[in-house]
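In terms of numbering that gives the first Met the number 0, the sequence shown is residues 0 to 438.
Worksheet: one structure, shown below.
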Amino acid sequence: MSVAGPPGPVMDRDEVDRALARLDAEHEAIETSLLALQDHAGRRLLEGAGLTGTTQERWQSTEQQITLLWAYFDAYADALRTAHEVRARRRWPNRDDLVELTELLRGESVTVAGGAAPAPSASITGPAKLTERFTLIDLVARMNDLYAHSLDMVVAADAVWSALPARIDLLAAELHRTRHLAHSVGVRPGEHPAGDDLERITAELTRLREQVVSDPLAFWQPARGSSAPGGGRPHTERYDREARALEDVRREIDAVLTVRQDAELRLGRLRDVLSRADRTLAEARSARGEVLAKIAASEVPAVSGPSTALQEQLAMASDYRRHAQWHRLSPLLESLEQKAEDELMRARESLTAVTQPLAVRAELRGRLDAYKAKVGRLGFAEDPLLVERYDAARRMLWSAPCDLRVAEQAVLRYQQAAAEVLASRVPQQGGPTDRRGEA
């Protein structure tokens, strides 16, 4: 509020006319702004909404500010009209007219009655005075301040209402489609975690929309350092969190749908892998019997039977497919696929371990025949020592049961004898050739 005092030097006619022209333009601009505020969609929504929390408190204050604005504007218009009436008395105003006009245009000529005008630092609902006086400049400044505060509140609420409810509705529509799809593949609350997530997201979106509609300012983030009305943005953290959660659920349901599409193919592959594992174990059991009959003094590991647990789980997976319980089939298939590969690997390792003695015997047989062929090529096949040791090793390797340790020693003795014969007799065969060369 301005401090009362003399308005300064008396204005001349030109100064009065210029001041009136400026005030007329100002009057028109203020009226346009107030009418725009009156017609603002956000203000109309605030008037009809069931508000709560911060928005309810601020709107009660803002409504009083808007009422004050119109009261100030009416007082401003009355003062300006009075000034025009004084100026219209005569074309060339006399000194008394100019003194009166100076008082009207520069002095505290505007009186607001009934305690309608709170001090700038006071609350809009604070204690009021019976009357207050303003200069036209001070009154415009007061109106600008009240207008900025009122518009800021209206624009902020309207921005939140324009941004969040529509986005929440779109997400709710997507949520509805996702729920329908989830139910079609058996993803339901209490039966699958994704079904529980859908229930929680539904409840949270319902609460969020109710809160946004009733208390939009609770979702408004003012811009730091901005003094412009409506400076800021809606904060959407809760909405964004639920949107991400829904996307996670959709990915889970997509995985279930993928299972539905290729379930039969994957089940067929599982049956094939487990069948190969069973055949390999059967081969290992048969080989174990052969080893025990043909190989003596050898530790042969036992061979387990096929995994009944995996067969039961495979039957359960087939049952899930028949009853379209895709949400249960999905994790079971993933687990079974890994277990089936492990089972096949175990069967192969078992076959390898069981047939190891036969492989050793085959290696010894091959080594013995290879050395016999070598000495035969060099002309020593009929050497008595070699024939004796070859026959001894061959009887051991081709008899049943075969003692591998004894047979290996017999093969080594044959190798050593062959090496000695070759070392001692091959140079002697070269002697006559040398003598013929000397003759």
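Where is the CB? At the ideal position from N, CA and C, for every residue including glycine.
So what does DSSP say about residue i, is it helix, strand or coil?
i: Arg132; result: strand
i: Pro356; result: helix
i: Thr54; result: helix
i: Ser334; result: helix
i: Pro117; result: For Pro117, the predicted model reports a pLDDT of 49, less than 50, meaning its position is unreliable and no value from the coordinates is stated.
i: Ala418; result: helix
i: Leu377; result: coil
i: Gly47; result: helix
i: Ser306; result: coil
i: Arg89; result: coil
i: Trp397; result: coil
i: Gly7; result: coil
i: Ala276; result: helix
i: Pro383; result: helix
i: Gln59; result: helix
i: Gln408; result: helix
i: Gln324; result: coil
i: Ala301; result: coil
i: His39; result: coil
i: Gln427; result: With a pLDDT of only 49 at Gln427, under the threshold of 50, the placement of this residue in the model should not be trusted, and no figure is reported.
i: Leu19; result: helix
i: Leu150; result: helix
Would you kindly check if the distance between the Cβ of residue j and the Cβ of residue i is under 7 Å?
i: Ile252; j: Leu174; result: no
i: Ala409; j: Ala391; result: yes
i: Leu343; j: Val272; result: yes
i: Arg176; j: Leu197; result: no
i: Leu97; j: Leu22; result: no
i: Pro233; j: Leu169; result: no
i: Leu138; j: Val159; result: no
i: Gly230; j: Trp219; result: no
i: Thr134; j: Val9; result: no
i: Arg388; j: Arg404; result: no
i: His326; j: His191; result: yes
i: Ser149; j: Gln64; result: yes
i: Leu45; j: Ala147; result: no
i: Asp341; j: Pro305; result: no
i: Thr51; j: Ser213; result: yes
i: Ala346; j: Leu328; result: no
i: Val353; j: Ala399; result: no
i: Ala242; j: Thr53; result: no
i: Ala358; j: Leu385; result: no
i: Thr235; j: Met152; result: no
i: Leu439; j: Leu335; result: Limits of the chain in this structure are 0 at one end and 438 at the other, which puts residue 439 out of reach.
i: Pro92; j: Arg12; result: yes
Name the DSSP bridge partner or partners of residue i?
i: Asp402; result: Ala295
i: Thr110; result: Arg132
Closest to residue i by C-alpha separation, out of the options, would be which residue?
i: Trp69; options: Ser32, Arg105, Ala87, Thr53; result: Ser32
i: Ala18; options: Arg105, Ser334, Arg223, Glu46; result: Arg105
i: Arg240; options: Arg223, Leu204, Arg265, Tyr319; result: Leu204
i: Val374; options: Leu331, Val420, Pro330; result: Val420
i: Ala202; options: Ala76, Leu245, Val186; result: Leu245
i: Val248; options: Val186, Leu396, Ala82, Leu50; result: Val186
i: Glu131; options: Tyr71, Val153, Gly41; result: Tyr71
i: Arg394; options: Thr307, Arg345, Arg364; result: Arg364
i: Glu84; options: Ala74, Glu362, Glu99; result: Glu99
i: Leu256; options: Pro330, Ala308, Thr279; result: Pro330
i: Gln310; options: Tyr238, Lys338, Asp144, Leu103; result: Lys338
i: Trp58; options: Ser398, Asp195, Pro215; result: Pro215
i: Arg265; options: Val111, Gly49, Leu313; result: Leu313
i: Arg321; options: Tyr370, Arg259, Ser274; result: Arg259
i: Met142; options: Ser423, Thr66, Ala361; result: Thr66
i: Ala48; options: Asp77, Val211, Phe379; result: Val211
i: Leu291; options: Asp402, Arg42, Ala82, Ala422; result: Asp402
i: Glu298; options: Gly378, Arg237, Gln355, Arg43; result: Gln355
i: Tyr319; options: Ala308, Leu332, Thr307; result: Leu332
i: Val15; options: Ala28, Arg42, Arg94; result: Arg94
i: Ala283; options: Ala222, Glu348, Glu336; result: Glu348
i: Tyr370; options: Thr81, Gln414, Glu30, Glu25; result: Gln414
i: Ile136; options: Glu107, Val111, Gly189, Leu145; result: Glu107
Measure from the C-beta of residue i to each C-beta in chain D and report whether the shortest distance is under 7 Å.
i: Arg232; result: Going by chain labels, chain D is absent from the structure shown, which holds only one protein chain.
message: Quick check on the DSSP output: what are the complete alpha helix (DSSP H) runs of length 4 or more inside the region 152 to 238, in order along the chain?
response: 192 to 213
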